[in-house]
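A.B. asks: This is the structure I have questions about; it appears just below.
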Amino acid sequence: MDTSEQGKLLPFYVVIDVSYSMSGVKLDTANQIMPAVLDAVAKAPILADKVRFSVIDFSDDARVRLPLCDILDDGVQLPSLTLRGGTSFVSAFRLLRTEIESNVKQLKADGFLVHRPAVFFISDGVPTDQDSAWQSAFADLTTFDKVSRTGFSMYPNFVPFGVDDADPRTLQQLIHPTGGGKPMRMFLQSKDSDAAAAIAGMAEVLISSVLASGESMTRGDSGIILPSGDDLPPGLSSYTADDDFV
Amino acid sequence: MAVPRVALGTLGPLLGSGGQAKVYAVPSVRLPDVAGPLVFKHYRPGQEPPAGLHALVLRRLRMDLPTRDRLDVRTAWPVRTVQDGGAVCGVLMPLIPDDYFHTRYLPSGAADRSLCEFQHLFVDPERARRLGMPVPGRKARLALCRDFAGVMHLLHTNNFVIGDINAKNAVFRLNAGPSVRLVDCDAIRIRGDAAVLAQLNAPDWDPPERTLSQSTDLYKFGLLVLRTLCPGNGASLYRDPDHVRGVLDGRGYRLLADAIGASPRRRPTARDWGLYFTELLGAGAPTTRAARISAPVVTTSGWVRDPTTRQWVQAGSDGQT
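Those protein sequence lines, which keep their order, are chains A and B.
Numbering follows the numbering used here, in which position 11 of the first sequence is assigned residue number 11; successive positions increment by one, without gaps.
Numbering follows the numbering used here, in which position 208 of the second sequence is assigned residue number 208; successive positions increment by one, without gaps.
Structure representation (structure tokens):
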């Protein structure tokens, strides 16, 4: 029995591409993600004792648009996303690392236990960085050696979502972890779907993960639970790190 | 006492959906022994309970009428099993009455009809009010705890083990006098029998003992009392009886400390709790802590964000109701 009253929080980072290609209905739909999450938590309000949310957008640079917070808190203002520039994965990964590091330290200093953070990463294009550059930044974010204790110990579970021109083989490299007890997955816009429906589907996947994770979280669990294939919303397909896109 | 699936006719609207089952209205079906409309809980493939659900149905039908009536008012009991191809595929249960639901606006401004689950009582009252949910004061909370003790007394004296008491399996209403109704009763077990559905502990409701019994019901009820009477951020995780100092008197504190203590034999019975709450409500002694939650029962039409100022405004104040 766990008699501790110390909450164990699961931080969710919603990272959204705001390059110019995301214009129109895609951006409009992306702007509806967090209001939908807020409604879902308002319907299950004790989840606020278990989850925290942050929104980061990225283009040529990355910006924290919603600092990690209890989304039901009175002072929360949900951000409105606007477009700018290219698609730098490097900027997103670097900012994620610094944010996760400082947020987790802060939560622990405040007396909370913290589950491994979850990143939902939404993009509609290929990175404008050199491959070696974003791969290196991603490795800095996700690599940790338990034996030598080198790398980033607070590395997140990373769940990429791709729409439109996103390259499945690029995004597939962002699934983390790819093995172990709870491998993550990637979600892509289905061939017969449009990008707006797929982004709306992503909000559903995020919400269902938040709800399921809140239901199941007990100490020692890694926290995040992704919906099974049968429960996927329309417009999305799910892939593992081993699926082939040739 | 099984109903064939085909006899349900055309199903009504889908009322709810979870990992275990989907719940539909069945407007064309009435039963002579059930006062109101019914719903059909259709288990998902692979989630059907093993044979044994009949026993819960039969227990109800064999009760004397006054007891059965009390059961029907206070629980969503499985009143018939539903069979498809010779196997149980679901159950019929009484429809949860309207006054256990609350209509409000969600933060996005969308209208929503929510079941008044106990989880809403654990939330900081200011927050619950802002989210458009009912916010009972101390007296109504005590009355809900007393009513829950009454439901548990009814079930325990009829040899049932509730099992999975949690933040969502009990709902409340305030208008007809504060009262409680247990939902998801198909996981209730007959004392001395194996469980029909695996009896589980919800996260943050696990008792000291591994096997669920009437004693673990009493433990979980202690947590429910603690979290209902001491709402606030983090209250859904509370385990420390010290939180009720200032909310309950010394006797109440000791009852709670025994209820959520490690020794099953020391836990107060549902009757002990019922007598205590009745006395307390009769005396109505105010306390320091009560000031924080003693607001009268208030329901708001909900809050929405003003799209221009991004400030929270009461729905309706700008013509949005």
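Each residue gets a CB set at the ideal place from its N, CA and C atoms; glycine is no exception.
Return the CA-CA distance between Thr98 of chain A and Asp217 of chain B, expressed in angstroms with no decimal places.
C.D. replies: Each residue's Cα considered, the two are about 46 Å apart.
A.B. asks: Should the region 191-209 of chain A be regarded as contacting the region 160-167 of chain A, the criterion being three or more beta carbon pairs within less than 8 Å?
C.D. replies: Contact between the region 191-209 of chain A and the region 160-167 of chain A is present, because at least three Cβ pairs lie under 8 Å.
A.B. asks: Compile a chain-ordered list of the residues in the region 100-113 of chain B whose CB is closer than 8 Å to at least one CB of chain A.
C.D. replies: Those would be Leu106, Pro107, Ser108, Ala110 and Asp112, in chain order.
A.B. asks: If we call anything under 8 Å between Cβ atoms a contact, is Leu224 of chain B one with Ile188 of chain B?
C.D. replies: For Leu224 of chain B and Ile188 of chain B, no; Cβs fall outside 8 Å.
A.B. asks: Rounding to the nearest angstrom, what Cα-Cα distance links Ile224 of chain A and Leu280 of chain B in this structure?
C.D. replies: If I take the Cα positions, the gap works out to 43 Å.
A.B. asks: Starting from Pro94 of chain B, follow the alpha helix (DSSP H) in both directions and report where the run begins and ends.
C.D. replies: Run containing Pro94 of chain B: none in the alpha helix (DSSP H); it sits in the beta strand (DSSP E), Ala87 to Pro94.
A.B. asks: Would Ile46 of chain A count as contacting chain B if we go by Cβ distances under 8 Å?
C.D. replies: Output row for Ile46 of chain A: interface = yes.
A.B. asks: Check Ile207 of chain A in the structure and name its three-state DSSP category.
C.D. replies: Residue state, collapsed to three classes: helix.
A.B. asks: Would Val91 of chain B be called buried (16 or more neighbouring beta carbons within 10 Å of its own) or exposed?
C.D. replies: Buried.
A.B. asks: Check each candidate in A:Ser132, A:Asn157, A:Gln130 and A:Asp131 and name the one with the smallest Cα separation from Thr143 of chain A.
C.D. replies: Nearest of A:Ser132, A:Asn157, A:Gln130 and A:Asp131 to Thr143 of chain A, Cα basis: A:Asn157.
A.B. asks: Within its chain, find whatever has a CB closer than 6 Å to the CB of Leu174 of chain A; leave out the 5 residues flanking it on each side and keep chain order.
C.D. replies: Closer than 6 Å at Cβ, skipping near neighbours: Phe158 and Pro160.
A.B. asks: Listing by chain order, which chain A residues have their CB less than 7 Å from the CB of Tyr238 of chain B?
C.D. replies: By Cβ distance, chain A contributes Glu5.
A.B. asks: At 8 Å on the CB atoms, spell out the chain B contacts of Lys43 of chain A, in chain order.
C.D. replies: Neighbours of Lys43 of chain A on chain B, chain order: Leu106, Asp112 and Ser114.
A.B. asks: Should the region 17-35 of chain A be regarded as contacting the region 47-64 of chain A, the criterion being three or more beta carbon pairs within less than 8 Å?
C.D. replies: Output reads yes: the region 47-64 of chain A touches the region 17-35 of chain A.
A.B. asks: Is Lys182 of chain A helix, strand or coil when you go by DSSP?
C.D. replies: The answer is coil: DSSP assigns Lys182 of chain A none of H, G, I, E or B.
A.B. asks: Report the neighbours of Pro35 of chain A on chain B: residues whose CB is nearer than 8 Å to its CB, in chain order.
C.D. replies: In chain order: Pro107 and Ser108.
A.B. asks: Find the nearest neighbour of Pro78 of chain B within the set B:Asn159, B:Arg191, B:Ile190 and B:Leu56, judged by alpha-carbon distance.
C.D. replies: The residue with the shortest Cα to Cα distance from Pro78 of chain B is B:Leu56.
A.B. asks: Taking 8 Å as the cut-off, decide whether the C-beta atoms of Lys8 of chain A and Val114 of chain A are in contact.
C.D. replies: Cβ atoms of Lys8 of chain A and Val114 of chain A: closer than 8 Å.
A.B. asks: Assess, as a yes-or-no matter, whether the region 104-118 of chain B is touched by the region 154-164 of chain B under the definition of 3 or more beta carbon pairs within less than 8 Å.
C.D. replies: The region 154-164 of chain B vs the region 104-118 of chain B: no contact.
A.B. asks: Return helix, strand or coil for Gln20 of chain B, following the three-state DSSP convention.
C.D. replies: Of the three classes helix, strand and coil, the one that applies to Gln20 of chain B here is coil, per DSSP.
A.B. asks: Phe148 of chain B versus chain A: which residues are under 9 Å apart at the beta carbon?
C.D. replies: Per Cβ cutoff of 9 Å: no residues; Phe148 of chain B is ~17 Å from chain A at best.
A.B. asks: Does Leu131 of chain B get closer than 8 Å to chain A when you measure Cβ to Cβ?
C.D. replies: Interface residue, yes.
A.B. asks: Within 10 angstroms of the Cβ of Gly274 of chain B, are there 16 or more other Cβ atoms? Answer buried if so, exposed if not.
C.D. replies: Result: buried.
A.B. asks: Identify the continuous beta strand (DSSP E) that holds Arg80 of chain B and give its terminal residues.
C.D. replies: Here the beta strand (DSSP E) through Arg80 of chain B covers Arg80 to Asp84.
A.B. asks: Which residues in the same chain as Leu174 of chain B place their Cβ atom closer than 7 Å to its Cβ, once the five residues preceding and following it in sequence are excluded?
C.D. replies: Counting only Cβ-Cβ distances below 7 Å, and skipping sequence neighbours, we find Pro134, Pro136, Ala140 and Val297.
A.B. asks: In the DSSP assignment, what residue or residues form a beta bridge with His176 of chain A?
C.D. replies: A:Phe158.
A.B. asks: Would you mind sorting Met184 of chain A into buried or exposed? The rule is 16 or more other CB atoms within 10 Å of its CB.
C.D. replies: Its Cβ being crowded by 16 or more others within 10 Å, Met184 of chain A is buried.
A.B. asks: Excluding sequence positions up to five away, which residues of its chain have a Cβ less than 8 Å from the Cβ of Arg44 of chain B?
C.D. replies: Gly19, Gln20, Ala21 and Lys22.
A.B. asks: Nearest-angstrom Cα distance between Gly75 of chain A and Leu66 of chain A?
C.D. replies: Their Cα atoms are separated by approximately 11 Å.
A.B. asks: Beta-carbon of Pro233 of chain A versus every beta-carbon of chain B: anything under 8 Å?
C.D. replies: With 8 Å as the cut-off, Pro233 of chain A does not count as an interface residue toward chain B.
A.B. asks: Is Phe53 of chain A buried or exposed, if buried means 16 or more other CB atoms sit within 10 Å of its CB?
C.D. replies: It counts as buried.
A.B. asks: Does Leu38 of chain A get closer than 8 Å to chain B when you measure Cβ to Cβ?
C.D. replies: For Leu38 of chain A, the answer is yes, since a Cβ of chain B falls inside 8 Å of its Cβ.
A.B. asks: Helix, strand or coil, according to DSSP, for Phe152 of chain A in the structure here?
C.D. replies: Of the three classes helix, strand and coil, the one that applies to Phe152 of chain A here is coil, per DSSP.
A.B. asks: Find the residues of chain B that neighbour Leu68 of chain A, judging by a C-beta separation of less than 7 Å, and give them in chain order.
C.D. replies: Ordered by position in chain B, no residue passes the 7 Å Cβ test against Leu68 of chain A, which lies about 16 Å from the chain.
A.B. asks: How about Asn201 of chain B and Leu182 of chain B: are their beta carbons less than 8 Å apart?
C.D. replies: Not in contact: Asn201 of chain B and Leu182 of chain B (Cβ atoms no closer than 8 Å).
A.B. asks: Would you kindly report the start and end of the unbroken alpha helix (DSSP H) that includes Leu336 of chain B?
C.D. replies: For residue 336 of chain B there is no data in the structure shown, the boundaries of chain B being 1 and 321.
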